[in-house]
Amino acid sequence: MVFARRVIELMLLRRGPQDMPGDSTTLVGCAAAYCILLFLQVGLIMPAGPAALQAGLATALLALYIRTVLRIRKLPNRYNQTAIALFAAGAILTLVMLAPTHVMAPYLHAIAEASDPQSVPMPPSFVTLAYVALGLWGLAIYSHVYRNALDGSLWLGVGAAIAFEVLLLVIFSVIG
C-alpha cells in the first residue's frame, strides 16, 4: 500500500524517483507489469506476435535508455529507483490508456487500410482529447522523473523524456 501511494504521489508530481524503493524485486515486478500492460495495449491494435515483440523491445529499450542517461550524468547509482519510477508510472498510464486505445483501434485499423486516409471518419473527439491529455500527463511525469534523477533543469527532464519517445519512434519505424 505504501508503494502504491508513492507511485500515485509521483504521478501527481509530489514525489520524485528518490522516494521509490531501490530493490531488484520491485524493479523486476514493475518492468514486468509495464511490459504486460504494454502488450495488452499494443495487442488491441496489432496481432499478438508483433505486440509481444514491441512490448518487450520497448521495455528493454527503456531500461537501457535509463542506464545510459544516468551513466552520461555520472549517476549510475540511481538506476533502480529511476527505473522503478518510470516503469510503475508507465504501467499505470498504460492501464488507463487501455480504454481509449480500445475505442481508437477501429479507427487506427481503418486508416491503415484506407487508400484515402481523409475518407476515414474520425473517432469521437472526447477519446482523442483523452488520448492527448494522457499523453501530456505522461510527458509531465516522465520529465519530472528525469529532471529529479539527472539533477537537472526542467528542460533537461523534458528533453530526456522526448528523446526516449523519438528513439522508440525511430526504432519501430525502422523495424516496421
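If you count by our numbering, then the sequence shown holds residues 57 to 232, one letter each, in order. Note that CB positions come from ideal geometry on N, CA and C, so glycine has one too. In this text, all values refer to a predicted model and were calculated from it rather than measured experimentally.
Annotation: Asn-133 to Ser-80 spans about 13 Å, alpha carbon to alpha carbon.
A buried status is given to Ala-114, since no fewer than 16 other beta-carbon atoms sit within 10 Å of its beta-carbon. A residue is called buried when at least 16 other Cβ atoms come within 10 angstroms of its Cβ; Val-63 meets this threshold and is buried. If you look at Ser-175, you'll find it isn't in any alpha helix (DSSP H); DSSP assigns it neither H nor E. In this chain, the alpha helix (DSSP H) harbouring Ile-64 covers 58 to 67. Around the beta carbon of Phe-182, a 10 Å sphere encloses fewer than 16 other beta carbons of the protein chains shown; the residue is thus reported as exposed. Around the C-beta of Arg-70, fewer than 16 other C-beta atoms lie within 10 Å, and the residue is accordingly described as exposed. Using a 10 angstroms sphere on the CB of Val-222, the tally of other CB atoms stays under 16, which defines it as exposed. Straight-line measurement puts the Cα of Ile-122 at about 13 Å from the Cα of Asn-204.
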